[in-house]
Structures are given as structure tokens and as C-alpha cells.
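Comments concern the structure below.
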Amino acid sequence: MAELRTTLALEEEEEDEPEYVQFKVILLGDGAVGKTSLAMRFCQDHFAKQYKQTIGVDFFVKRVTLRQETGDVNVCMQIWDIGGQSIGGKMVTSYIFGSHAVVLCYDITNYQSFQHLEDWYSLVRRTFAGAQMPYVALMANKQDLSHIRAVKPEKHSQFADENDLYSYLVSARTGENVSPSFYRIAADLAGVTLSRPELEVTQNPCKAEIINHQTTRRGPPRDQRRGHSQVGQELRRHVIRSALRAPCFPDPAPSC
Ligand SMILES: Nc1nc2c(ncn2[C@@H]2O[C@H](COP(=O)(O)OP(=O)(O)OP(=O)(O)O)[C@@H](O)[C@H]2O)c(=O)[nH]1
Numbered sequence: 001m002a003e004l005r006t007t008l009a010l011e012e013e014e015e016d017e018p019e020y021v022q023f024k025v026i027l028l029g030d031g032a033v034g035k036t037s038l039a040m041r042f043c044q045d046h047f048a049k050q051y052k053q054t055i056g057v058d059f060f061v062k063r064v065t066l067r068q069e070t071g072d073v074n075v076c077m078q079i080w081d082i083g084g085q086s087i088g089g090k091m092v093t094s095y096i097f098g099s100h101a102v103v104l105c106y107d108i109t110n111y112q113s114f115q116h117l118e119d120w121y122s123l124v125r126r127t128f129a130g131a132q133m134p135y136v137a138l139m140a141n142k143q144d145l146s147h148i149r150a151v152k153p154e155k156h157s158q159f160a161d162e163n164d165l166y167s168y169l170v171s172a173r174t175g176e177n178v179s180p181s182f183y184r185i186a187a188d189l190a191g192v193t194l195s196r197p198e199l200e201v202t203q204n205p206c207k208a209e210i211i212n213h214q215t216t217r218r219g220p221p222r223d224q225r226r227g228h229s230q231v232g233q234e235l236r237r238h239v240i241r242s243a244l245r246a247p248c249f250p251d252p253a254p255s256c
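For the sequence shown, counting from 1, position 168 maps to 168 in full-length UniProt numbering; every step adds exactly one.
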């Protein structure tokens with residue numbers, strides 16, 4: 001009898017649980033550009049100064065609720081943090097395959113990490129050859145170090161424009177724009193348009209450490225410039241269909 005009561009209680013709890021749409025998001029880029037730090041900042045609101053190299057892949061999970069007038073959408077983002085040394089490895093294409101979004105990360109103080117994105121991006125294209133490409137974003141990390149930047153904002157915009165990538169400028173260290181960027185990725189994948197106040201709510205207070213009085217010409221992020229109406233409807237439909245169809249994690253990955 002007690003067992004039956006426990007089962008019923010568990011079932012009731014499960015009924016209360018909202019349904020989550022799962023998205024597999026891959027972070028790619030050279031070693032030490034800050035992929036683990038970005039995942040950690042977004043999922044745990046934590047930053048570690050010490051560098052600990054990721055060997056293979058590491059996983060993070062974050063549940064977010066996207067608010068819209070027609071009803072909230074609950075999203076579970078499964079973030080795959082791929083070690084920067086994996087580019088020549090055998091496993092890397094199997095990590096990337098099946099992802100809904102790929103985030104190409106670089107460190108604005110390290111020009112090589114930006115140049116190498118060509119290689120990372122062509123690896124993504126090869127992995128998806130003949131299949132629907134995922135949502136691909138360009139993420140420029142370490143904005144808190146803009147006083148020693150090696151990659152000009154114009155170079156960033158040019159690469160984003162030429163490859164039709166969504167563009168994000170972030171700092172894992174201060175937290176600047178990290179949550180709003182991942183929320184926006186979730187919203188784009190789910191086909192939800194977030195209003196500015198909703199995005200602002202997702203931004204945790206940033207830690208102001210470096211005052212940089214230099215004025216740099218930097219336009220708004222590219223996704224804001226071109227507006228969400230131009231996000232491929234077909235891609236959204238495909239992404240949502242496949243997200244609803246199957247869990248996107250193989251065995252070792254955590255589930256939502
Ligand atoms: N100043 C600053 N340092 C950062 C930022 N993000 C990461 N770091 C530092 O950069 C170093 C590398 O960060 P990781 O997150 O481990 O880099 P990764 O890309 O995951 O590296 P791999 O595991 O080799 O692929 C660490 O010492 C971090 O503390 C940032 O936004 N600003």
C-alpha cells in the first residue's frame with residue numbers, strides 16, 4: 001500500500017513537471033578561448049581564473065523558460081564543451097553531429113584563435129555535408145580584455161557576414177552578455193521572439209573590473225541588426241521537429 005502511494009505521488013510530481021524541448025548546443029574553438037568558462041558562467045554562474053584543459057568533451061545542462069504571449073516555452077539546453085585539442089581527433093565529428101546549434105568561440109586577444117575558426121567551421125560543414133546545417137553562431141569572448149584586443153570588431157563582423165553567422169560579444173569573466181546570448185540562441189532555435197526587457201532580465205549583474213575609455217566603433221550584434229524575421233523559418237521548423245522527435249544525447253551525456 002505504501003509502495004502504491006509512493007508511485008502515485010511520483011506520477012503526480014511528473015505530471016506537474018513542465019515539458020522541455022531539448023537542444024544540443026556545441027561549443028567549438030581553440031584551446032583556452034574560454035568555452036568551459038562560458039558554459040560554466042551560463043549554467044552555474046561561476047567563473048574560474050585557473051585554466052584546466054578539457055580533454056575530449058564535457059557536458060553542461062541549463063533549463064530556461066522563454067516567455068511569450070501565446071504561452072511559455074521550456075527549453076533544456078545541453079551544452080557540449082569540446083576540448084580545443086579535439087580538432088584532429090577521431091571523435092570530434094560524432095560530437096558535432098546531431099547538434100541544433102554550433103557556437104564558434106574565439107578569444108579577442110588571440111588572433112590565431114580567430115583565424116582557426118575557418119578550420120572549425122569547415123569541420124562543421126563537412127560533418128553536416130548533405131544534411132541540414134545547424135544554427136551557427138560566432139562568439140567573441142574576453143570582452144573584458146578589449147584594451148588588448150587583437151581582433152578588430154570589423155574583422156569579426158566581416159567573418160560573421162561572409163558566413164551568415166549569428167554574432168555575440170561576451171565575457172565569461174564578467175558575465176557580460178553571456179546569458180542573453182544563450183537565451184537568444186534558445187529562442188531562435190525554438191522560434192520564439194524575445195523582447196528586449198525579457199533579454200535584460202536574463203543578464204546577471206556584471207562585475208566591472210577594467211575601465212576602458214577607448215572608443216571603438218562597434219555596431220549592434222548582427223542578429224539584432226538583421227532582425228529575427230529573417231531567421232530561416234525552415235531551419236526553425238527542422239530544428240524543432242528534430243528536437244521533439246528524439247533525445248539528442250548519447251549515453252554518457254546528462255539528460256534534462
Ligand atoms: N579575462 C578573461 N579570461 C577568461 C575569460 N574566459 C575564460 N578566461 C580564462 O581563459 C582561460 C581558458 O579558459 P577555458 O574556459 O578553460 O578555455 P577552453 O576554451 O575551455 O579551453 P580548452 O579546454 O583547452 O578547450 C582560463 O584561465 C579562464 O579563466 C574571459 O571572458 N575573460
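Ideal Cβ positions, reconstructed from N, Cα and C, are used throughout, including at glycine. This one's a predicted model, so the numbers in the text were calculated from it and none came from an experiment.
Going by other Cβ atoms of all chains shown within 10 Å of its Cβ, with 16 needed for buried, is residue i buried or exposed?
i, result
"GLY71", "exposed"
"THR65", "exposed"
"LYS62", "buried"
"PRO134", "buried"
CA-CA distance, residue i and residue j?
i, j, result
"ILE148", "ALA187", "32 Å"
"ASP144", "ARG126", "33 Å"
"ILE94", "HIS116", "The sequence shown places Ser at residue 94, rather than the Ile named in the question. One C-alpha to the other measures close to 20 Å."
"THR193", "ARG184", "8 Å"
"PHE23", "PHE182", "11 Å"
"MET77", "ALA150", "31 Å"
"TYR20", "VAL73", "8 Å"
"GLY88", "GLN68", "42 Å"
"ASP45", "ALA101", "21 Å"
"LEU27", "THR36", "9 Å"
"TRP120", "LEU38", "18 Å"
"PHE97", "PHE128", "7 Å"
"LYS90", "PHE42", "28 Å"
"GLN50", "GLY31", "14 Å"
"residue 266", "SER157", "Past the boundaries of the shown model lies residue 266; the chain is included only from 1 to 256, so the question cannot be answered."
"PHE114", "GLU17", "42 Å"
"LEU165", "GLY84", "20 Å"
"residue 277", "PRO153", "Beyond the ends of the chain as shown, which are 1 and 256, falls residue 277; an answer cannot be given."
"LYS155", "GLU118", "13 Å"
"ASP58", "MET40", "11 Å"
"SER86", "VAL136", "19 Å"
"GLU234", "GLY130", "For GLU234, the pLDDT reaches just 49, beneath the cut-off of 50, and the residue's location in the model is therefore unreliable, leaving the point undetermined."
Less than 8 Å separating the beta-carbons of residue i and residue j?
i, j, result
"ASN141", "ALA172", "yes"
"LEU123", "VAL103", "no"
"SER99", "VAL25", "yes"
"VAL170", "ASN177", "yes"
"SER179", "LEU138", "no"
"ALA190", "VAL75", "yes"
Write down the C-beta distance between residue i and residue j rounded to the nearest angstrom, noting that I regard them as a contact closer than 8 Å.
i, j, result
"PHE60", "ILE79", "4 Å"
"TYR106", "GLY29", "6 Å"
Please confirm whether residue i has its beta-carbon closer than 8 Å to some beta-carbon of chain D.
i, result
"ALA39", "Structure shown: chain D not included; a single protein chain is present."
Is residue i near ligand 2, with its Cβ less than 7 Å from a heavy atom?
i, result
"ASN177", "You won't find ligand 2 in this model; what it holds is ligand 1."
Can we say the region 51-69 touches the region 107-115, given the rule of at least three CB pairs closer than 8 Å?
-> no
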